[in-house]
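Using the numbering used here, the letters of the sequence shown map in sequence onto residues 683 to 845.
Scroll down for the structure; my scribbles are underneath it.
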Amino acid sequence: MFRYDATMGFEPLKTDEKIPPTNKPKSDFEAQLMSGCSVIVVVAFLTYFLTAWPWFVFPLYTLTGLQTAIVAGCGTSVVLGGISCFRFRIAGASGFLGGALAAGVFIFLVLNEVGKGRVSQDLPRPEYPERWQWMVPLLFVVACVLVAILLTRKEKTESLAAN
Numbered sequence: 683m684f685r686y687d688a689t690m691g692f693e694p695l696k697t698d699e700k701i702p703p704t705n706k707p708k709s710d711f712e713a714q715l716m717s718g719c720s721v722i723v724v725v726a727f728l729t730y731f732l733t734a735w736p737w738f739v740f741p742l743y744t745l746t747g748l749q750t751a752i753v754a755g756c757g758t759s760v761v762l763g764g765i766s767c768f769r770f771r772i773a774g775a776s777g778f779l780g781g782a783l784a785a786g787v788f789i790f791l792v793l794n795e796v797g798k799g800r801v802s803q804d805l806p807r808p809e810y811p812e813r814w815q816w817m818v819p820l821l822f823v824v825a826c827v828l829v830a831i832l833l834t835r836k837e838k839t840e841s842l843a844a845n
């Protein structure tokens with residue numbers, strides 16, 4: 683009859699083939715350049731479009747509309763910029779600052795266009811002071827620069843370019 687041996691099920695047979703640990707293949711220099719450039723372009727476009735869309739949606743001649751456009755546009759793009767600076771290091775910071783500078787120029791031009799209501803009878807008169815036309819974009823760009831400086835991690839010391 684069948685006898686049960688308690689030690690048989692727990693002893694390893696040691697017949698498995700030993701597989702050496704796999705090393706991750708090093709990415710070459712061109713692949714790093716392409717991924718960095720792609721991050722710069724994607725983050726720059728996202729920053730610009732996240733900043734710009736509220737300036738088309740909300741009425742900018744009212745103080746409430748201006749505040750909503752600043753919070754919805756500039757706030758979301760600063761959050762995206764902080765995440766991209768932390769995650770993608772210098773490539774994310776470069777794309778974020780590039781998009782922020784383009785968005786700052788856009789905001790300046792839009793507020794100058796809205797500010798024409800002060801001299802024209804056909805356009806609605808803005809409810810905020812004239813100096814906000816240059817202060818809002820300047821403060822946005824300065825905030826973006828500070829976020830990029832504070833949240834960008836340092837680069838690793840190992841570089842493929844040195845090899």
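From the three backbone atoms N, C-alpha and C, an ideal C-beta is built for every residue, glycine too.
What you are looking at is a predicted structure, and each value in this text was computed from that prediction instead of being measured.
query	result
CA-to-CA distance, Pro-808 to Ala-784, given in whole angstroms	24 Å
C-beta contact flag for Pro-811 and Phe-790 at 8 Å	no
Helix, strand or coil at Arg-835 [DSSP, three-state]	coil
Proximity of Cys-826 and Ala-782 at Cβ, strictly below 8 Å	yes
Three-state secondary structure assigned by DSSP to Tyr-810	coil
Inter-residue spacing [alpha-carbon to alpha-carbon] between Pro-806 and Val-723	37 Å
Pair within 8 Å by beta-carbon distance, Gly-780 and Val-829	no
Cβ neighbour criterion (16 or more within 10 Å) applied to Leu-732	buried
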